[in-house]
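*Asks:* Residue numbers (this note's numbering): 133 to 639. We treat Cβ as the ideally placed atom computed from N, Cα and C, and that holds for glycine.
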């Protein structure tokens, strides 16, 4: 791969001095991707997000229902469409219900987005493509999401495919490229609907509209697309799942389209969430998330301009004189997620992930125009090293700093010692990680008001009174009264959970 990349660089007349430094950029990029790949199975699936989506996929894989998503206890999950779950369930079907099976499909999706970014920039030069892909993979939000069991990477691939297909369709120099681009555009829209719903249409179509209004003739390019036939294609791909999901679970469409796509973002602390609590944040926090998600580049790229007025004028002048016709499209793509969620107070930092490919394309192009090639390559290498170093440090210390919340740390040693999941009860709630790592065999919950009955082995509690072990979070354990704590003995604690047994003799 490295040799081929350098051969292409030579063919595109890149100066020899740039080739030697580009070699190290490619090597560091390969190491960065390799680090993400090799660490997929080195840490447990964490509650709530990763473990929840991994467990939904495990239930799909083991139960055979590939239409409706289910939570433990045969609860239908209306919160998200199935695309990322289909990927994760397929991975677990091939590799088993473990971290590798759940996470590897997310890495495959990340590589799909990478290929589209590469192809977009490769039309200009291989050097731009290498720099853009390096920026993409050394961005915090993309690197983390490339191995996290979430819906955001599937959405990002769909949006990237759609906007990339649009650009290829309107900039194609032959009929085949135009047709393939148009097909990719509409297929991307359909996959977006299956990845996260109507929000994908907004993220994909707003940049297209902005491009259509950006310059003379661009609007004609937009209207030239086969919108009617393409719309039918989108409906034929995404429509059947929505129809079947509503037929099998009436009420899904109302909750998903109104609750998840309107109430969640317009009502602070939305109480209609059936599967958790709303994440109430300050309005506009999404811009901070975008800056953090694009680290270290939100700090490194401005560094190129500090004390380098001549170079800054050269880059800015080159940008104005040779502005690419896709600039408005890319800028709108990069800003749409943050603009869309600016007024929302119920968001997560991964909501900015769909902007990462656009930012990487813009950054790769901007870096390639800087004539100080060694400085640019050194900066990109620095970004890759910072990201890889930070990731390695976090992986080594995440247990100590409390970055992992997984019941696997207390359950797996117990199960490996010959005990069964049926001997364990969970205080107040069943963690998704507990259900995943026991293959759905852990399911018994003791409510707080029932704890005294459990401690006394009171038959009024039913079969639960015979369970020997109790698992709770460290926070819940600390909040118990001294009287209750004195009746419990800690066997061990790990990753935010505590395994307890009764302190006194059976009675």
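Report buried or exposed for residue 621, applying the criterion of at least 16 other Cβ atoms within 10 angstroms of its Cβ.
*Replies:* Exposed: under 16 other Cβ atoms inside 10 Å.
*Asks:* Going straight from the alpha carbon of residue 414 to that of residue 393, what length do you get?
*Replies:* Residue 414 and residue 393: Cα-Cα distance of roughly 19 Å.
*Asks:* For residue 562, which of helix, strand or coil comes out of DSSP?
*Replies:* Three-state result, residue 562: coil.
*Asks:* Bridge partners of residue 634, per DSSP?
*Replies:* For residue 634, which the question treats as bridged, DSSP gives the partners 620.
*Asks:* Okay, do the stretch 197-216 and the stretch 242-259 touch, 3+ Cβ pairs below 8 Å being the bar?
*Replies:* Contact fails: fewer than three Cβ-Cβ distances are below 8 Å.
*Asks:* Are residue 539 and residue 565 touching if we call contact CB-CB under 7 Å?
*Replies:* Yes, the Cβ-Cβ distance between residue 539 and residue 565 is below 7 Å.
*Asks:* What are the complete beta strand (DSSP E) segments, minimum 3 residues, inside the stretch 580-613?
*Replies:* Within the stretch 580-613, the complete beta strand (DSSP E) runs of at least 3 residues are 601-605.
*Asks:* Assuming residue 515 and residue 270 are in contact, meaning their beta carbons sit under 8 Å apart, how far apart are those beta carbons, in whole angstroms?
*Replies:* Right, their Cβ atoms sit about 4 Å apart.
*Asks:* From what residue to what residue does the beta strand (DSSP E) around residue 207 run?
*Replies:* That run of the beta strand (DSSP E) goes 207-209.
*Asks:* Drop a sphere of 10 angstroms on the beta-carbon of residue 283, count the other beta-carbons inside from all chains shown, and report buried for 16 or more, exposed for fewer.
*Replies:* Label assigned to residue 283: buried.
*Asks:* What is the rounded straight-line gap between the Cα of residue 323 and the Cα of residue 374?
*Replies:* Their backbone Cα atoms lie some 12 Å apart in a straight line.
*Asks:* According to DSSP, simplified to helix, strand and coil, what is residue 203?
*Replies:* Residue 203 falls in the strand class under three-state DSSP.
*Asks:* In or out: residue 229 buried (at least 16 other Cβ within 10 Å) or exposed?
*Replies:* Residue 229 comes out buried.
*Asks:* Just how far apart, CA to CA, sit residue 489 and residue 291?
*Replies:* Rounded to whole angstroms, residue 489 to residue 291 spans 10 Å at the Cα level.
*Asks:* Count the C-beta pairs between the stretch 547-563 and the stretch 297-312 that are closer than 8 Å, then say yes if the count reaches three, no if not.
*Replies:* These segments do not touch.
*Asks:* Which one of 480, 352, 461 has the shortest CA to CA distance from residue 493?
*Replies:* Checking every option, the nearest Cα to that of residue 493 belongs to 461.
*Asks:* Give a yes or no on whether the C-beta atoms belonging to residue 623 and residue 612 are separated by under 7 Å.
*Replies:* Contact: no.
*Asks:* Go through its chain and collect everything with a Cβ distance to residue 635's Cβ below 6 Å, but skip five positions before and after it.
*Replies:* Result list for residue 635: 619, 620, 621, in chain order.
*Asks:* Where do the N-terminal and C-terminal ends of the alpha helix (DSSP H) with residue 422 fall, by residue?
*Replies:* It spans 417-425 - the alpha helix (DSSP H) in which residue 422 sits, taken as one unbroken run.
*Asks:* Among the candidates 241, 484, 627, whose CA atom is the shortest distance from the CA of residue 563?
*Replies:* Ranking 241, 484, 627 by Cα distance to residue 563 puts 627 first.
*Asks:* Around the Cβ of residue 595, are there at least 16 other Cβ atoms within 10 angstroms (buried) or fewer (exposed)?
*Replies:* Exposed, since its Cβ has fewer than 16 Cβ neighbours within 10 Å.
*Asks:* Classify residue 429: buried if its beta carbon has 16 or more other beta carbons within 10 angstroms, exposed otherwise.
*Replies:* By the neighbour-count rule (16 or more Cβ atoms within 10 Å), residue 429 is buried.
*Asks:* With a Cβ-Cβ cutoff of 7 Å, do residue 208 and residue 381 count as a contact?
*Replies:* Contact flag set, yes.
*Asks:* To the nearest angstrom, how far is it from the Cα of residue 277 to the Cα of residue 590?
*Replies:* Using only the alpha carbons, I get a separation of about 47 Å.
*Asks:* If you count every other CB in all the chains shown that lies within 10 Å of the CB of residue 164, and 16 or more means buried, which is it?
*Replies:* Buried.
*Asks:* Express the C-alpha separation of residue 508 and residue 306 in angstroms, rounding to a whole number.
*Replies:* Distance between the alpha carbons of residue 306 and residue 508 is about 35 Å.
*Asks:* Going by CA-CA distance only, name the one from 285, 225, 268, 523 that's closest to residue 239.
*Replies:* Taking only the C-alpha atoms, the option nearest residue 239 is 285.
*Asks:* For residue 193, I'd like the list of residues in its chain whose CB is within less than 6 Å of its CB, leaving aside the five on either flank, ordered along the chain.
*Replies:* So the qualifying residues of the chain are 221, 224, 225.
*Asks:* Is there contact here, the stretch 312-323 with the stretch 363-372, by at least three beta-carbon pairs under 8 Å?
*Replies:* The stretch 312-323 is in contact with the stretch 363-372.
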